[in-house]
Amino acid sequence: MSTYDQVEIEDMTFDPDTQTFTYPCPCGDKFQIYIDDMYDGEEIAVCPSCSLMIQVIFEREDLEEYYQEAGTAPPEPVSVAA
Amino acid sequence: MIIPQSTFTSQSKPLKVVGGGNFTAILLENGELYVAGECMLVSGEKAPGWHRIKGLFLDVACGWSHIIAVTSKHEVVAAGIGAKGELGLGSINKSHQFERVIAVQSPNAQVFACFYNSFVRDGRKLYGWGSNVKCQVFSPKSKTVNSPSLVYEGDISNVCVGKNSVCFIGDGIIHAQGAMNEYLPQMRSKLALSGNLELRSMWTSITAFDHKDFRFFGSAGQMQDAVTSCGQLHVHTVSCWSTGSEHGVMCCGNHVYCWGWGEHGNCGATSVANAASVASGINDQSNIKSGVNTVYVTPPQEKVVGCFGGCATTWICIERTGF
Chain A
1 MSTYDQVEIE DMTFDPDTQT FTYPCPCGDK FQIYIDDMYD GEEIAVCPSC
51 SLMIQVIFER EDLEEYYQEA GTAPPEPVSV AA
Chain B
1 MIIPQSTFTS QSKPLKVVGG GNFTAILLEN GELYVAGECM LVSGEKAPGW
51 HRIKGLFLDV ACGWSHIIAV TSKHEVVAAG IGAKGELGLG SINKSHQFER
101 VIAVQSPNAQ VFACFYNSFV RDGRKLYGWG SNVKCQVFSP KSKTVNSPSL
151 VYEGDISNVC VGKNSVCFIG DGIIHAQGAM NEYLPQMRSK LALSGNLELR
201 SMWTSITAFD HKDFRFFGSA GQMQDAVTSC GQLHVHTVSC WSTGSEHGVM
251 CCGNHVYCWG WGEHGNCGAT SVANAASVAS GINDQSNIKS GVNTVYVTPP
301 QEKVVGCFGG CATTWICIER TGF
């Protein structure tokens, strides 16, 4: 997948209320990515107003401080019945 | 919009049109400054149309959500939101009105801004502040620099500022700090420094023009480098050119061309555009990655006196006889 840019997680803005990381897009809107999706391995933040995407550079353990800031916990693994 | 719309008229010539993330500022030759869009200088922020900002100004520049200017009293002032220190006002990171940052000594002082950074060239000194995550202001890196910091002292020209980067010619040598530093060896080897050389930044690249050829340094995933291969055009006739967040604009004769990322209609309509869209001006997203594309042809009673790029916006300034 071709992305517009790579951005380190520390350069993004985290909103603890929406639990979303954002970063300015050259169109004037903001790239967005939900913390739980990142915990599940997603690393692509998308812009709601255009086709551009960025790759967020992070390690899973980097998310811990943001979960603490939001007062929430990572999602529990979903158990699949046999 | 995919075709140009008339948005502002004045008897005084626009010197500069600069765009923030969601607002635009126009500086006129008579010193008047106007803003439109979501700019904190305007009460209500979303009040439509252009709003005159009190005072007279010599220069202006915009970052993502802040605006800096040089006043006629030779002071650098800043307003807007500056969580990374880009207002240069110390611990103040939000202001609905222009606040004084520093006084400048040179009558030709200039301001530059992009994203989360501000820079001022005051004679032989270049100051910067704002985000420093890529060492664009100084090394070592830091999250914020909230007051002016001396970047360079010497004979300075051609300052251009991109996302987390600043580039300039200092004492006859090209300097690039921050995100564009990785392209510095390439720029130094490929650019002959002449009096004609002009540098402009998109967010993630630098375009150079010596009035013979364009050269491009940086990311070109959205065809931001298309102007370097427009062999059919006589680029030596370029009368003015500029860059936006990820696109460029230039005027050759009576034609205005755009290239690069045009997803929001900012590089105009191509021949494959929907005819109804072209007629209405509404963007049909037919020109997302744009080659060098004609966006406007002036009729005989018009002359292009300036062209500028903002965040996915293009601005053409036209002198109209008989106005």
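These protein sequence lines map, in sequence, to chains A and B.
Each residue of the first sequence is one higher than the last, beginning at 1 in full-length UniProt numbering.
Each residue of the second sequence is one higher than the last, beginning at 1 in full-length UniProt numbering.
By construction, the Cβ of each residue, glycine as well, lies at the ideal position given by its N, Cα and C atoms.
* Along chain A, which residues have their Cβ under 7 Å away from the Cβ of residue 311/B? -> 26, 27, 28
* Measuring CB to CB, does residue 31/B end up less than 8 Å from residue 72/B? -> Cβ atoms of residue 31/B and residue 72/B: closer than 8 Å.
* Check whether the Cβ of residue 287/B sits closer than 7 Å to any heavy atom of the ligand FMN, and report yes or no. => The ligand content of the structure shown is nil, which means the ligand FMN is not present either.
* Tell whether a beta-carbon distance below 8 Å holds between residue 206/B and residue 199/B. => yes
* Asked: Taking a cut of 8 Å between CB atoms, which residues from the region 246-268 of chain B lie near chain A?
  -> 246, 261, 263, 264
* When you compare only the Cα positions, how much space is there between residue 60/A and residue 1/A? -> 21 Å
* Please list the partners that residue 4/A has in chain B, where partner means a Cβ-to-Cβ separation under 9 Å. => 204, 219, 221, 222, 246, 261
* Asked: Comparing the C-beta of residue 115/B with each C-beta of chain A, is any distance below 8 Å?
  -> yes
* Asked: Taking one C-beta from the region 54-73 of chain A and one from the region 23-43 of chain A each time, how about it: are there three or more such pairs within less than 8 Å?
  -> The region 54-73 of chain A and the region 23-43 of chain A touch, with no fewer than 3 CB-CB distances between them shorter than 8 Å.
* To do: Run the CB neighbour count on residue 282/B, radius 10 Å, all protein chains shown included, and call it buried at 16 or more, exposed below.
  => Taking all protein chains in view, the Cβ of residue 282/B is surrounded by fewer than 16 other Cβ atoms within 10 Å, so the residue is classified as exposed.
* **Residue nearest to residue 212/B in terms of C-alpha spacing, selected from 228/B, 236/B, 190/B** => 236/B
* **Short CB-CB distance (under 8 Å) between residue 11/A and chain B** => yes
* To do: Would you kindly work out how many angstroms separate the C-alpha atoms of residue 229/B and residue 91/B, rounded to a whole number?
  => One Cα belongs to residue 229/B, the other to residue 91/B, and the distance between them is close to 47 Å.
* Applying the criterion that 16 or more other CB atoms from any shown protein chain within 10 Å of the CB defines a buried residue, is residue 297/B buried or exposed? -> exposed
* To do: Taking all protein chains shown into account, decide if residue 108/B is buried (16 or more other Cβ within 10 angstroms of its Cβ) or exposed.
  => exposed
* Asked: Are the Cβ atoms of residue 104/B and residue 78/B separated by less than 8 Å?
  -> no
* Asked: Taking the alpha-carbon positions, what's the residue 55/A to residue 15/A distance?
  -> 19 Å
* To do: Look at the Cβ atom of residue 142/B, then the Cβ atom of residue 202/B, and state whether they are nearer than 8 Å.
  => no
* **Amino acids of chain A, ordered along the chain, whose beta-carbon sits closer than 8 Å to that of residue 315/B** => The contacting residues do not exist; residue 315/B stays about 14 Å from chain A at best.
* To do: Identify the contact partners of residue 64/B in chain A, using a Cβ-Cβ distance below 8 Å as the criterion.
  => 24
* Is there contact here, the region 15-24 of chain B with the region 68-80 of chain A, by at least three beta-carbon pairs under 8 Å? -> no
* Asked: What residues from chain B crowd round residue 51/A, counting only those whose CB sits closer than 8 Å?
  -> 263, 288
* To do: State yes or no: is the C-beta of residue 15/B within less than 8 Å of the C-beta of residue 25/B?
  => Against a cut-off of 8 Å, the Cβ pair of residue 25/B and residue 15/B comes out as no contact.
* Closer than 8 Å, CB to CB, is residue 123/B near chain A or not? -> Any Cβ of chain A closer than 8 Å to the Cβ of residue 123/B would place that residue at the interface, and such an atom is absent.
* **C-beta atoms of residue 227/B and residue 145/B nearer than 8 Å** => no
* Asked: Looking at the structure shown, is residue 303/B part of a helix, part of a strand, or coil, going by DSSP?
  -> strand
* From residue 204/B to residue 177/B, what does the alpha carbon distance come to, in whole angstroms? -> 13 Å
* Please compile the residues from chain A whose C-beta is within a distance smaller than 8 Å of the C-beta of residue 21/B. => 24, 28
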